[in-house]
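Asker: Okay, handing you the structure first.
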Amino acid sequence: MGNGLERRKNGGREIDQEDGLRQVLEEMKALYEQNQSDVNEAKSGGRGDLIPTIKFRHCSLLRNRRCTVAYLYDRLLRIRALRWEYGSVLPNALRFHMSAEEMEWFNHYKKSLATYMRSLGGDEGLDITQDMKPPKSLYIEVRCLKDYGEFEVDDGTSVLLKKNSQHFLPRWKCEQLIRQGILEHVLS
Amino acid sequence: MSEAYFRVESGALGPEENFLSLDDILMSHEKLPVRTETPIPRLGTFFLDRSGGAESDNAIPEVSLLARIPARKTTTPSGPRGLGAPRHRARCPLRLVVFQEAGPRALPSCTRRAQREVGWLPVLRRLERGDLGPSCPGCFGSFELNIHLPSPGSKLELPLWLAKGLFDNKRRILSVELPKIYQEGWRTVFSADANVVDLHKMGPHFYGFGSQLLHFDSPENADISQSLLQTFIGRFRRIMDSSQNAYNEDTSALVARLDEMERGLFQTGQKGLNDFQGWEKGQASQITASSLVQNYKKRKFTDMED
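Residue numbers (numbering that gives the first Met the number 0), protein chains in the order written: chain Y, 0 to 187; chain U, 0 to 305.
Following this line, the structure appears as structure tokens:
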């Protein structure tokens, strides 16, 4: 777990290391079984000298558990951050890296957040994932960083978001696309 | 700029590490010298033979001697769980090497009986790493090895987590010695001029590790804690100044000799500086792409090797 953790600390979320996890769990099982048997021997066979050994294995088990839990927890923290930084619909590229349980957790979190947001600000609710930076104007200038396609604006008209095209659009519509790296907010 | 990912902070500078902190996990992986006070019998560990059937001495450094014993189990009637001990079960105490990463040539072939040197580091890494993929498929073996830690009084280096776990104040299993940098000699160096020392080289978690060392009730604890504090006080000013004044430049030279905690501090200072500069340029209201997203775009489907 040492090396794996080093990588994770340096950012990014790696492919779900199911294989590595499985091996850790197998190892823990083996250590546990050995300890069980040694504990029995210590108790019934009077082998008190095995106690340091049992303690040793126990420490290893605790360590494995700690590493595993910390790893999984860190992943959840990053997944949670995705809801705020990316949006409620994750691209396939990211979903590929998540386990089914993590996806489920993400959905639960999304729902919790949505329920909470609906409960704010009277009837309409309040989208607190918007306007993360104080807005200066209703409309902003954006430049398209990659081809996106048709994009519908409020009054029914649509804009073609082609790479390098620039547009003057309502801020609330663009915010998510900017965060996703498709548009760039141009300061005048 | 708006970061939604907040990693679990380190607790190492306080009384206890934070269970979930990755920083603390890495820190507690560092080793310290210990002395065994009692034999620890039958330290059999299960693990897979990574080097396969190769008999040569050119094993991967990480692979300990233990793994190179062939997978065939020889059953002996005395095997407690029906698993035989390999024929070269040590009857005489194994001489334990105080850690260097065993290089390829340091691993004697498994048929040699004389002075078997067992590196604990690989074993312990395996215990906690669970990183057991075979290098050549089909060369798997799993077996139990009977190791006996030698007579009390042997010196070993164990990771902090293990030393903490086995330590008690009656010192029944092991007693802990201070690593050099926390001893008198180095403490004097630090008090002379703390700024010149390369704390990154001295074990990158100098402060955290040093703080956790206090758990082992050394008579020098008071001096150690004073030394940690004074060292930090001596170095702090320079870190603060450099982090607040290095804008848009390569800071690798500035952080090279800082330990992990100091680097964290430096990074915080840099963030403050960058945020302020951004604000001055009017970027405070500019919506930016999330850094998480930018990182993923760079990585895409990169399959990281373990």
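Heads up, the beta-carbon is just placed ideally off N, CA and C, and yes, glycines get one too.
Keep in mind that this is a model prediction, so the values were computed, not measured.
Could one say the Cβ of residue 143 of chain Y lies closer than 8 Å to chain U's Cβ atoms, at least one of them?
Answerer: As a position in the first sequence, residue 143 of chain Y is number 144, starting the count at 1. Output row for residue 143 of chain Y: interface = no.
Asker: Give the C-beta separation of residue 89 of chain Y and residue 81 of chain Y to the nearest angstrom, bearing in mind that I take them to be a contact with Cβ-Cβ under 8 Å.
Answerer: Within the first sequence, the letter at position 90 stands for residue 89 of chain Y. Within the first sequence, the letter at position 82 stands for residue 81 of chain Y. With a Cβ gap of about 6 Å, residue 89 of chain Y and residue 81 of chain Y count as contacting.
Asker: Quick one: does residue 169 of chain Y have its CB under 8 Å from some CB of chain U?
Answerer: Translated into positions along the first sequence, residue 169 of chain Y becomes position 170. So no, residue 169 of chain Y is outside the interface.
Asker: Run through DSSP, which three-state label would residue 57 of chain Y get?
Answerer: As a working note, residue 57 of chain Y is residue 58 in the first sequence. Correct three-state label for residue 57 of chain Y: helix.
Asker: Between which two residues does the beta strand (DSSP E) carrying residue 35 of chain U extend?
Answerer: Along the second sequence, one-based indexing puts residue 35 of chain U at 36. Taken as a continuous stretch (DSSP letters only), the beta strand (DSSP E) holding residue 35 of chain U covers 30–35.
Asker: Could you tell me which residues DSSP puts in a beta bridge with residue 195 of chain Y?
Answerer: There is simply no residue 195 of chain Y to check, as chain Y begins at 0 and stops at 187 in what is shown.
Asker: Is there contact here, the region 154–168 of chain Y with the region 2–12 of chain U, by at least three beta-carbon pairs under 8 Å?
Answerer: no
Asker: How is the alpha helix (DSSP H) around residue 159 of chain U delimited, first residue to last?
Answerer: Looking up residue 159 of chain U in the second sequence gives position 160. That run of the alpha helix (DSSP H) goes 159–165.
Asker: Could you have a look at residue 196 of chain U and say whether DSSP puts it in helix, strand or coil?
Answerer: Stepping through the second sequence from its first residue, residue 196 of chain U is reached at position 197. In this structure, residue 196 of chain U counts as coil in the three-state DSSP scheme.
Asker: In this structure, does DSSP put residue 150 of chain Y in helix, strand or coil?
Answerer: Along the first sequence, read from residue 1 onward, the residue named residue 150 of chain Y stands at position 151. Three-state DSSP puts residue 150 of chain Y in a strand.
Asker: When the Cα of residue 32 of chain U is compared with those of U:268, U:8, U:18 and U:166, which residue comes out closest?
Answerer: Walking along the second sequence from the start, residue 32 of chain U turns up at place 33. When each option's Cα is compared against that of residue 32 of chain U, the closest is U:166.
Asker: Could you tell me the distance, in whole angstroms, from the CA atom of residue 28 of chain Y to the CA atom of residue 37 of chain Y?
Answerer: Start at 1 with the first residue of the first sequence, and residue 28 of chain Y comes out as number 29. Start at 1 with the first residue of the first sequence, and residue 37 of chain Y comes out as number 38. Answer to the nearest angstrom: the Cα atoms are 14 Å apart.
Asker: Does DSSP classify residue 190 of chain Y as helix, strand or coil?
Answerer: Because residue 190 of chain Y is not part of the residues shown, which for chain Y are 0 to 187, the question remains open.
Asker: Check for me: the beta strand (DSSP E) holding residue 160 of chain Y runs from which residue to which?
Answerer: Here the question's residue 160 of chain Y lines up with position 161 in the first sequence. Here the beta strand (DSSP E) through residue 160 of chain Y covers 157–160.
Asker: Please name the residue in U:293, U:162, U:239 and U:277 whose C-alpha comes closest to that of residue 208 of chain U.
Answerer: Position 209 of the second sequence, counting from 1, holds the residue named residue 208 of chain U. Checked all of U:293, U:162, U:239 and U:277; the closest Cα to residue 208 of chain U is U:162.
Asker: Do we get a CB-CB distance below 8 Å when we pair residue 174 of chain U with the residues of chain Y?
Answerer: For the purposes of this step, residue 174 of chain U is taken as residue 175 along the second sequence, with counting starting at 1. With 8 Å as the cut-off, residue 174 of chain U does not count as an interface residue toward chain Y.
Asker: Between residue 47 of chain Y and residue 58 of chain Y, what straight-line distance do the alpha-carbon atoms span, to the nearest angstrom?
Answerer: In the first sequence, residue 47 of chain Y corresponds to position 48, counting from 1. In the first sequence, residue 58 of chain Y corresponds to position 59, counting from 1. A direct Cα-to-Cα measurement between residue 47 of chain Y and residue 58 of chain Y gives close to 18 Å.
Asker: Could you compute how far the alpha carbon of residue 127 of chain Y sits from the alpha carbon of residue 282 of chain U?
Answerer: On the first sequence, position 128 is the one that residue 127 of chain Y refers to. On the second sequence, position 283 is the one that residue 282 of chain U refers to. Cα to Cα, residue 127 of chain Y sits roughly 21 Å from residue 282 of chain U.
Asker: Kindly give me the distance between the Cβ atoms of residue 265 of chain U and residue 242 of chain U, rounded to whole angstroms, as I take these residues to be in contact under 8 Å.
Answerer: Numbered from 1 along the second sequence, position 266 holds the residue referred to as residue 265 of chain U. Numbered from 1 along the second sequence, position 243 holds the residue referred to as residue 242 of chain U. That belief holds up - the Cβ atoms of residue 265 of chain U and residue 242 of chain U are roughly 4 Å apart, short of 8 Å.
Asker: Any Cβ of chain U within less than 8 Å of the Cβ of residue 11 of chain Y?
Answerer: Along the first sequence, one-based indexing puts residue 11 of chain Y at 12. Its pLDDT being 40, under 50, residue 11 of chain Y is placed unreliably by the model, and nothing is read from it.
Asker: Following the continuous alpha helix (DSSP H) through residue 111 of chain Y, name the residue where it begins and the one where it ends.
Answerer: Start at 1 with the first residue of the first sequence, and residue 111 of chain Y comes out as number 112. Unbroken alpha helix (DSSP H) run through residue 111 of chain Y: 99–117.
Asker: Taking residue 199 of chain U and residue 256 of chain U to be in contact with their CB atoms under 8 Å, please state how far apart those CB atoms are, rounded to whole angstroms.
Answerer: Counting from 1 along the second sequence, the entry for residue 199 of chain U is found at position 200. Counting from 1 along the second sequence, the entry for residue 256 of chain U is found at position 257. Here residue 199 of chain U really is in contact with residue 256 of chain U; their C-beta atoms are around 6 Å apart, less than 8 Å.
Asker: Of all the residues that make up the region 15–41 of chain U, which are near chain Y by a beta-carbon distance shorter than 8 Å?
Answerer: 18, 19, 20, 21, 22, 24, 25, 28, 37, 38, 39, 40 and 41
Asker: For residue 151 of chain Y, which residues in chain U fall below 7 Å Cβ to Cβ?
Answerer: Residue 151 of chain Y sits at position 152 when you count from the first residue of the first sequence. Those do not exist, as residue 151 of chain Y stays about 20 Å from chain U at its closest Cβ, beyond 7 Å.
Asker: Residues of the region 66–88 of chain Y with a CB closer than 9 Å to any CB of chain U: list them in chain order, please.
Answerer: 66, 67, 68, 69, 70, 72, 73, 76, 77, 79, 80, 81, 82, 83, 84 and 85
Asker: State the DSSP-derived secondary structure class of residue 156 of chain U, mapped to helix, strand or coil.
Answerer: Working through the second sequence from its first residue, we reach residue 156 of chain U at position 157. The answer is strand: DSSP assigns residue 156 of chain U an E or B state.
Asker: To the nearest angstrom, how far is the alpha carbon of residue 175 of chain U from that of residue 226 of chain U?
Answerer: On the second sequence, residue 175 of chain U is found 176 positions in, with the first residue counted as 1. On the second sequence, residue 226 of chain U is found 227 positions in, with the first residue counted as 1. Going from the Cα of residue 175 of chain U to the Cα of residue 226 of chain U covers about 19 Å.
Asker: Considering just the uninterrupted stretch of the alpha helix (DSSP H) at residue 212 of chain U, what are its terminal residues?
Answerer: Residue numbering aside, residue 212 of chain U sits at position 213 when the second sequence is read from its first letter. Here the alpha helix (DSSP H) through residue 212 of chain U covers 205–212.
Asker: Residue 179 of chain Y versus chain U: which residues are under 9 Å apart at the beta carbon?
Answerer: Your numbering for residue 179 of chain Y matches position 180 in the first sequence. By Cβ distance, chain U contributes 288, 289 and 292.
Asker: Can you say whether residue 236 of chain U is buried or exposed, counting buried as having 16 or more other CB atoms within 10 angstroms of its CB?
Answerer: In the second sequence, residue 236 of chain U corresponds to position 237, counting from 1. Residue 236 of chain U should be labelled exposed.
Asker: Taking any Cβ of chain U, which residues in the region 128–140 of chain Y have a Cβ under 7 Å from it, in chain order?
Answerer: 131, 132, 133, 134 and 135
Asker: Just reading off the alpha helix (DSSP H) that residue 188 of chain U is part of, what are its end residues?
Answerer: Mapped onto the second sequence, residue 188 of chain U falls at position 189. That run of the alpha helix (DSSP H) goes 183–191.
Asker: Starting from residue 38 of chain Y, follow its DSSP beta bridges and name the residues at the other end.
Answerer: Mapped onto the first sequence, residue 38 of chain Y falls at position 39. Its beta-bridge partners do not exist; DSSP assigns none.
Asker: So, is residue 30 of chain U buried or exposed, given that buried needs 16 or more other C-beta atoms within 10 angstroms?
Answerer: As a first step, residue 30 of chain U must be located in the second sequence, where it is residue number 31. Residue 30 of chain U comes out buried.
Asker: How is residue 305 of chain U classed by DSSP in three states: helix, strand or coil?
Answerer: Taking the second sequence and counting its residues from 1, one reaches residue 305 of chain U at position 306. Note that residue 305 of chain U scores 33 on pLDDT, short of 50, meaning its location in the model is unreliable; the coordinates nonetheless yield the value given after this. It is coil, neither helix nor strand.
Asker: Is it a yes or a no for the region 130–137 of chain Y touching the region 165–175 of chain Y, going by three-plus beta-carbon pairs under 8 Å?
Answerer: Result yes; three or more Cβ-Cβ pairs closer than 8 Å.
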